[in-house]
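Single-structure report; data block below.
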Amino acid sequence: MTKITRRDFIRSAGGVAALGAGLGFPHLALGAARRVVVVGGGVGGCTVAKYLRKLDPTLAVTLIESKTAYTTCFMSNEVLSGERTLESITFGYDGLRRHGVDVVTDTVVGIDPVKKTVATAGGREFGYDACVVSPGIGFKWDAIDGYDESVSETITHAWNAGPQTRILRRQLQAMRQGGRVIIVAPPNPFKCPPGPYERASQIAMYCKYHNPRAKIIILDAKDAFSKQGLYVEGWTKLYGYGSGNSMIEWVGAAAGGTVESVDPSTLTLQAEIEAFQGDVVNIIPPQKAGAIAFAADLVDGDWCPVDKRTFESKRYKDIYVLGDAASAAKMPKSAYAANSQAKVAAAAIVARFLGREPGDPTFVNTCYSVVGEDFGISVAAVYTLDAAHNSIEEIPNSGGVSPANASPEIRKREVSYAHSWFKNVINDMME
Amino acid sequence: MTKTVRNLLLAVLALLPATVAAAPSGEALAFTCAGCHGTDGSSVGPSMPSIAGMDPEVFVDAMKAYQADKRNATIMNRIAKGYTAQQLEDMAWFFARQRLHLVPQKYDAALAARGKILHDKHCEKCHENGGRPGDAGTLAGQWMPYLQHTMDDFMSGKRDWPRKMKRKVDAAIAEDGKQAIPALIHYYASQH
Chain A
1086 MTKITRRDFI
1096 RSAGGVAALG
1106 AGLGFPHLAL
1116 GAARRVVVVG
1126 GGVGGCTVAK
1136 YLRKLDPTLA
1146 VTLIESKTAY
1156 TTCFMSNEVL
1166 SGERTLESIT
1176 FGYDGLRRHG
1186 VDVVTDTVVG
1196 IDPVKKTVAT
1206 AGGREFGYDA
1216 CVVSPGIGFK
1226 WDAIDGYDES
1236 VSETITHAWN
1246 AGPQTRILRR
1256 QLQAMRQGGR
1266 VIIVAPPNPF
1276 KCPPGPYERA
1286 SQIAMYCKYH
1296 NPRAKIIILD
1306 AKDAFSKQGL
1316 YVEGWTKLYG
1326 YGSGNSMIEW
1336 VGAAAGGTVE
1346 SVDPSTLTLQ
1356 AEIEAFQGDV
1366 VNIIPPQKAG
1376 AIAFAADLVD
1386 GDWCPVDKRT
1396 FESKRYKDIY
1406 VLGDAASAAK
1416 MPKSAYAANS
1426 QAKVAAAAIV
1436 ARFLGREPGD
1446 PTFVNTCYSV
1456 VGEDFGISVA
1466 AVYTLDAAHN
1476 SIEEIPNSGG
1486 VSPANASPEI
1496 RKREVSYAHS
1506 WFKNVINDMM
1516 E
Chain B
5 MTKTVRNLLL
15 AVLALLPATV
25 AAAPSGEALA
35 FTCAGCHGTD
45 GSSVGPSMPS
55 IAGMDPEVFV
65 DAMKAYQADK
75 RNATIMNRIA
85 KGYTAQQLED
95 MAWFFARQRL
105 HLVPQKYDAA
115 LAARGKILHD
125 KHCEKCHENG
135 GRPGDAGTLA
145 GQWMPYLQHT
155 MDDFMSGKRD
165 WPRKMKRKVD
175 AAIAEDGKQA
185 IPALIHYYAS
195 QH
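Residue numbers (this note's numbering), protein chains in the order written: chain A, 1086 to 1516; chain B, 5 to 196.
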């Protein structure tokens, strides 16, 4: 008789039963589920919400996001080349609702770490036992003279995919034959380190067919960039890089690539050594954590310090910060990194609720870039925690970039892997 | 049958060190694979194989081959090198316990019918039950582009044939010519 009752109890507690049997469930005894509020519906927020419910179906998980659908920044460069539509990278939250996540459309304006409440612009207040903040990036609008949020409606950043991606695409389509596109790449650290160079590649892919005399100039505040060797290999093969007739030109910091100011009326950029005038200008500004991270006092400088074992904020207990906003070096600010960190945070939160120590974390990053037709490249890394230094370290002799001068078959496969990765990561975070 | 019993015993043994040593759990390790292989190893991306329900020995063998650069990988070899033998075993057991969720694919019914005949005659002995998860690699329901890549690698000598497999494939090609491999691929894709 007792046995049956116990079995029924375990069954009702779902997946956690195996972990929690014998420890008891204080929150269940009180009749109230543990509440987790997730701020931000990007890769980090969606993944943590889904995995919290997967690891413990008794949790009450609320995800608060200002938009009703998520447009991925990854793969948005393919919208610029015309390879895919903006709709094909936009996803609603019904998948998460099917996992039992309460998805609320509202903007979070404050987090009270003492009362443990989250306040929204809509005037609502959500109590939490744990709060996960995954707001992505914000922009440093004062970094380039003459460039601010209102100017970005015409001189786009398009670094959060959406309406600006569409504007940039239309500007490219409307550009005169033989016109000049200028991309301003930001200093480290920023979201998607290979992104500006993939963008240049995808724009070149478009121009090769529709505007073959066009030039794309990347003005860079850095002297090196992610997957540089592989990009140069691809650009040389596909776009004549290095020749007098190259479609793409890269101006690094040492060559005067750092942009100081912009004149929006003439589309002229004043860089360190000379001025550059473009027909289409795309400025990706320097970055910092998203707005709510500052409003909730979770930052130290530009980014949010966290305990790398759990992604709990170093500033406030029971608040976790992950994805682009977190200071998670040496992991890059990528979708895969946010997806990987979210699972570590979800497991840590569930362990905490059960009164257990969180397990040792493990992380992976994989990032694909499509340089042109049938030409894909990648970088991968497997990471482990260095608890003594609160740092995330790459495992020696693993990871790294695609082999140089690989066969056309391998390059073509990497494109198909890039597109398959996209489907799987979307599925894993929100379906 | 005896192999199943042995595998169950191994599964119990595999759980023991994981609970003692301070290291990421098999589950935590496996979660990091989902970005490419789908949640719990059921892939929705046509170039990535599903690994849910995979035989643990097949999983470990595959990962060790990647570690040794013995497969025509682009990326999996770089990732595989990040794990210890114990961690590979822990991941293998996690995936072995997951249910495989398959996505219907478009296939040619006539080719698939021909493929079934070829499969039953040449492949069923190792890839049992039409290639469902078992002692050999899962074929039933795998994505066609993945199967195509794999067969290309075998045929071009970029991946070593498992024992006896080349003879079997040669026999299927002797019987049906150029159509043999597409027929088999369409047959496997037809199962879900």
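Note that CB positions come from ideal geometry on N, CA and C, so glycine has one too.
This one's a predicted model, so the numbers in the text were calculated from it and none came from an experiment.
{"Query": "Inter-stretch contact at 8 angstroms, needing at least 3 Cβ pairs: the segment 1379 to 1398 of chain A / the segment 1500 to 1509 of chain A", "Result": "no"}
{"Query": "Within 8 angstroms, strictly: CB atoms of V1189(A) and T1147(A)", "Result": "yes"}
{"Query": "DSSP beta-bridge partners of F1211(A)", "Result": "V1203(A)"}
{"Query": "D1230(A) classed as buried or exposed, judged by whether at least 16 other C-beta atoms fall within 10 angstroms", "Result": "exposed"}
{"Query": "Near-chain B residues of the segment 1157 to 1182 of chain A (beta-carbon distance less than 9 angstroms), N- to C-terminal order", "Result": "none"}
{"Query": "Nearest-angstrom Cβ-Cβ length linking A1389(A) and A1422(A), presumed shorter than 8 angstroms", "Result": "Going by the sequence as given, residue 1389(A) is Cys instead of Ala. With a Cβ gap of about 14 angstroms, C1389(A) and A1422(A) do not count as contacting."}
{"Query": "DSSP-derived helix/strand/coil call for A77(B)", "Result": "coil"}
{"Query": "Stretch-stretch touch, CB-based, cutoff 8 angstroms, three pairs: the segment 77 to 93 of chain B with the segment 167 to 182 of chain B", "Result": "no"}
{"Query": "4-residue-minimum alpha helix (DSSP H) runs that sit fully inside the segment 28 to 107 of chain B, ordered along the chain", "Result": "30 to 35, 38 to 41, 60 to 71, 80 to 84, 89 to 100"}
{"Query": "Interface flag, L115(B) vs chain A, CB-CB below 8 angstroms", "Result": "no"}
{"Query": "Interface flag, L33(B) vs chain A, CB-CB below 8 angstroms", "Result": "yes"}
{"Query": "Identified DSSP bridge partners for Y1453(A)", "Result": "S1463(A)"}
{"Query": "Simplified DSSP state of W1244(A), which is helix, strand or coil", "Result": "coil"}
{"Query": "Where R1120(A) falls: helix, strand or coil (DSSP)", "Result": "strand"}
{"Query": "Segment contact flag, the segment 1260 to 1280 of chain A with the segment 1307 to 1319 of chain A, C-beta cutoff 8 angstroms, min 3 pairs", "Result": "yes"}
{"Query": "Reference A1380(A); option with closest CA among Y1136(A), S1161(A), I1149(A), G1195(A)", "Result": "G1195(A)"}
{"Query": "DSSP state of Y191(B) mapped onto helix, strand, coil", "Result": "helix"}
{"Query": "Under 7 angstroms by beta carbon: chain A residues contacting G145(B)", "Result": "Under the 7 angstroms cutoff, chain A gives no residues; its nearest Cβ is about 16 angstroms from G145(B)."}
{"Query": "CA nearest to the CA of I1303(A), picked from A1285(A), S1237(A), N1475(A), G1329(A)", "Result": "A1285(A)"}
{"Query": "Three-state secondary structure assigned by DSSP to C1389(A)", "Result": "strand"}
{"Query": "Terminal residues of the alpha helix (DSSP H) in which E1442(A) lies", "Result": "Unbroken run through E1442(A): none, as it is neither H nor E."}
{"Query": "Which residues DSSP lists as bridging W1335(A), in chain order", "Result": "I1303(A)"}
{"Query": "Limits of the unbroken beta strand (DSSP E) element including T1353(A)", "Result": "1353 to 1356"}
{"Query": "is_contact[Y87(B), chain A] using C-beta, thresh 8 angstroms", "Result": "yes"}
{"Query": "Contact residues within the segment 1449 to 1464 of chain A, judged by C-beta distance below 7 angstroms to chain B", "Result": "V1449, T1451, S1463"}
{"Query": "E2(B) in three-state terms, based on DSSP", "Result": "No information on residue 2(B) is available, as it lies outside the stretch 5 to 196 that chain B covers here."}
{"Query": "Cutoff 6 angstroms; reference H196(B); Cβ partners in own chain excluding five residues on either side", "Result": "L106, P108, G145"}
{"Query": "Proximity below 8 angstroms, CB of M130(B) to CB of A116(B)", "Result": "Note on identity: in this sequence residue 130(B) is Cys, with Met being the wrong assignment. No; because the gap between Cβ atoms is not below 8 angstroms, this pair is not in contact."}
{"Query": "Proximity test, Cβ basis, 8 angstroms: K1428(A) and chain B", "Result": "yes"}
{"Query": "Beta carbon of Y1468(A) nearer than 8 angstroms to that of M1514(A)", "Result": "no"}
{"Query": "I1477(A) - partner residues in DSSP beta bridges", "Result": "L1470(A)"}
{"Query": "Own chain residues within Cβ distance below 8 angstroms of I1495(A), not counting five before or after", "Result": "S1487, P1488"}
{"Query": "Sequence ranges, alpha helix (DSSP H) only - wholly within the segment 1267 to 1331 of chain A, length at least 4", "Result": "1280 to 1295, 1313 to 1324"}
{"Query": "Enclosing alpha helix (DSSP H) for A114(B) [first to last residue]", "Result": "113 to 122"}
{"Query": "Contact with chain B by S1425(A), beta-carbon distance below 8 angstroms", "Result": "yes"}
{"Query": "Minimum C-alpha distance to I1333(A) - residue among A1360(A), E1172(A), K1293(A), V1455(A)", "Result": "K1293(A)"}
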